[in-house]
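Enquirer: Numbering (our numbering), first residue to last: 509 to 774. We put the CB at the ideal spot given by N, CA and C, even for glycine. Here the structure is a predicted model, which is why all the values come from computation and not from measurement.
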Amino acid sequence: MLAGMDPLRTAALAFAPTADVRSNQAAIMAGIEQAARRKVQLLATPECSLCGYPAATGVLAGADCSLAESEEVLFFEAARHGLVVVLGTTTPDGRGGFLNQAAVGGAVPTQRLAKRVLAPADLPWFAAGPARSLVVRIGTWQVAVGICYEIRQAAWWHAAAAAGADAAVVISHQAGVDVDPGTRAEVLPALHAARAAELAMPLLLANTAASDRWLDSAAWDARGRRLASQGEGLLTAELVHRAQLDPWYETTRREALAAWRASAAG
């Protein structure tokens, strides 16, 4: 079955979310329509794309029913086009705080992942979510969903691969003050490429288009090669499954997982 897997048509909507939920909703709606015209199967939006990233906007917007209403409208439109959408959003954590979430819906049943590994800028606004992986089936593909800072953690990648993920989509707000100016712009793409290559998992990164972003939205293939990058607008990338490449890539993935499991067991 793996040898016959078709490419996965993906897109990242690179825009800078604001504290205005309705404005963000309109931008995402336009992205859904554009992605549908390009026959995209999976569309990813930046971290906190509906509510705005609070460390950047100064407020956690849409912490009421307006956010849920916007999600419903967007997922309905995505389902109408047969499209899966990953939305950056937030929900109450049940203890008086809020969770930084990725909500996946549209052409699949709605599923949610709460960000577990919080960046320093998250801490005043969000509580950490539970440790879990979210792997969503899109056609014949299994796609792991992650949020921003988690992409730095090797454990997230290995857990996703162990859960059967063929590819990864990560929504992010990789922007703000760089304590080592220029370092993140150079190092982060190399880190993303290395993570994708280690487990032969293509990666789609949907980053904010904020003017102080450290890198553009991008996609890497199962070899760790960057396929495309784009700072603003709709980036599209066709992801090819590792089974379509030399068997060496499957071997690399299998050995990396075996080493991780042995380390975890020891």
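Rounded to whole angstroms, what's the CA-CA distance from A727 to T760? Just pull it up for me.
Expert: Distance between the alpha carbons of A727 and T760 is about 20 Å.
Enquirer: Buried or exposed: which applies to L631, given that a residue is buried once 16 or more other Cβ atoms fall within 10 Å of its Cβ?
Expert: L631 is exposed by the Cβ-count criterion.
Enquirer: Can you tell which of A552, D528, S574 has the C-alpha that lies nearest to the C-alpha of L742?
Expert: Among A552, D528, S574, the Cα nearest to that of L742 is on A552.
Enquirer: What did DSSP end up calling N608 once you bin it into helix, strand or coil?
Expert: It is a strand residue.
Enquirer: Quick check on DSSP: helix, strand or coil for I646?
Expert: Three-state result, I646: strand.
Enquirer: Any idea if V567 is buried or exposed, counting beta-carbon neighbours within 10 angstroms, 16 or more meaning buried?
Expert: V567 is exposed by the Cβ-count criterion.
Enquirer: Run through DSSP, which three-state label would E555 get?
Expert: Coil at E555, not helix or strand.
Enquirer: For a quick check, are the C-beta atoms of I655 and L621 less than 9 Å apart?
Expert: Yes, these two residues count as a Cβ contact at 9 Å.
Enquirer: Can you grab the Cα-Cα spacing for the pair A534 / A662, in whole Å?
Expert: In a straight line, the C-alpha of A534 is about 35 Å away from that of A662.
Enquirer: From N715 to A766, what does the alpha carbon distance come to, in whole angstroms?
Expert: Cα to Cα, the separation comes out at about 31 Å.
Enquirer: In chain order, what residues of the same chain lie with their CB nearer than 7 Å to the CB of G596, ignoring the 5 residues before and after it?
Expert: Result list for G596: T553, P554, E555, C556, S557, L558, A610, I679, in chain order.
Enquirer: For T518 versus L712, is the C-beta distance shorter than 9 Å?
Expert: Closer than 9 Å, so yes.
Enquirer: Tell me the start and end of each unbroken alpha helix (DSSP H) in the stretch 644-708 that is at least 4 residues and wholly inside, in chain order.
Expert: Runs found: 662-670, 691-706.
Enquirer: Reducing DSSP to helix, strand and coil, say where W768 ends up.
Expert: Helix, per DSSP.
Enquirer: On the DSSP bridge assignment, give the partners of E746 in chain order.
Expert: Paired residues: R517.
Enquirer: Please classify E783 as buried or exposed, where buried requires at least 16 neighbouring CB atoms within 10 angstroms.
Expert: The question about residue 783 has no answer, for the chain in this structure spans 509 to 774.
Enquirer: If you draw a straight line from the C-alpha of M509 to the C-alpha of P600, how long is it?
Expert: Low per-residue confidence applies at M509: pLDDT is 38, beneath 50, and the placement is therefore not dependable enough to give any value.
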